[in-house]
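Asks: My structure is below; once you've seen it, I'll send some questions.
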Amino acid sequence: MKLKYFAKKLYDEGIIMFGEFTLTSGLKSPYYIDLRRALSKPNLLREITHAFVDKIKELGNYDVIVGIETGSIPWAATIAYVLNKPMVYVRKKPKGHGASKLIEGDLPKDAEAIIIDDVATTGHSVYKAAIALRNSGAKVENALVFIDREQGAKNFLKKENIMLHSVFTVTQLVNELFNQNLISEGVYLKIKSYIEGFKNV
């Protein structure tokens with residue numbers, strides 16, 4: 003039910019798009035996921051937040067919720083609010099003024115942290131955040147994304163002792179969109195082939 007609902011909702015709201023795109027990583031892609039658009043839609047923001055929260059409750063109990071500059075900060079904040087947990091976020095690089103901190107917020111001592119991100123591609127942004135947190139004394143063994151693009155992030159992070167979890171994989175969403183006749187067979191097969199190309203990454 004949740005998959006069926008979110009697949010159509012993300013498609014209808016233009017959050018998952020099909021065409022030719024260049025990702026932040028520089029990779030080319032036949033689809034693009036822009037979860038930032040959900041921030042302008044209060045009901046969808048609430049629904050995505052609660053989907054994240056439900057998954058976190060399945061995974062265990064964490065001392066602190068961590069966002070990554072900039073895309074996942076709103077999600078980490080809403081999740082932390084619902085769970086009544088502390089939240090911090092990790093900068094891409096220390097700001098050049100003030101305290102020049104890499105981690106913003108008060109990180110509890112010896113905290114068990116879970117990193118939140120909107121979408122996983124290579125996993126490098128999660129890894130960099132985990133290193134910063136570990137260097138500050140936190141325990142980081144888990145990360146959660148809303149959508150895993152299945153392009154190597156899970157395997158890469160596993161080697162760094164971080165388990166990547168997702169609310170959905172892109173395979174699940176694309177299969178559901180095809181089943182609902184929202185994308186053509188041509189688009190479906192193109193994306194399936196694209197995902198298959200990363201199976202050994």
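If you're matching positions, the sequence shown starts at 3 in this note's numbering and goes up one per residue. Yeah, the Cβ is synthetic: ideal placement off N, Cα and C, and Gly gets one too. Predicted model only: the values in this text are computed from it and were never measured.
How big is the Cα-Cα spacing for Pro-44 and Phe-8?
Replies: For Pro-44 and Phe-8, the distance between alpha carbons rounds to 15 Å.
Asks: Could you pull out every residue in the same chain whose Cβ sits closer than 8 Å to the Cβ of Thr-204, ignoring the five residues on either side in sequence?
Replies: For residue 204 there is no data in the structure shown, the boundaries of the chain being 3 and 203.
Asks: DSSP beta-bridge partners for Ser-168?
Replies: Val-147
Asks: What does the alpha-carbon distance come out to for the pair Leu-2 and Ala-40?
Replies: Coverage of the chain is limited to positions 3 through 203, which leaves residue 2 absent and any answer about it impossible.
Asks: What is the DSSP secondary structure of Pro-44, reduced to helix, strand or coil?
Replies: helix
Asks: Report the residue ranges of all alpha helix (DSSP H) runs contained in full by the region 56 to 141; include only those spanning at least 4 residues, in chain order.
Replies: 75 to 85, 126 to 137
Asks: So, do the region 181 to 191 and the region 134 to 145 have three or more beta carbon pairs nearer to each other than 8 Å?
Replies: no
Asks: Counting Cβ pairs closer than 8 Å, one from the region 140 to 157 and one from the region 46 to 59, do we hit at least three?
Replies: yes
Asks: Can you tell me which residues form a DSSP beta bridge with Thr-24?
Replies: Lys-30
Asks: Consult DSSP for Ile-197 and reduce its assignment to one of helix, strand or coil.
Replies: helix
Asks: Could you give the C-beta distance for Val-121 and Val-92, rounded to a whole number, given that I count them as a contact under 8 Å?
Replies: Cβ-Cβ separation between Val-121 and Val-92: approximately 17 Å, too far for a contact (criterion under 8 Å).
Asks: Return the CA-CA distance between Ser-168 and Lys-6, expressed in angstroms with no decimal places.
Replies: 16 Å
Asks: Measuring only the C-alpha atoms, how far is Phe-23 from Leu-29?
Replies: 8 Å
Asks: Could you give the first and the last residue of the continuous alpha helix (DSSP H) run that contains Leu-159?
Replies: 155 to 161
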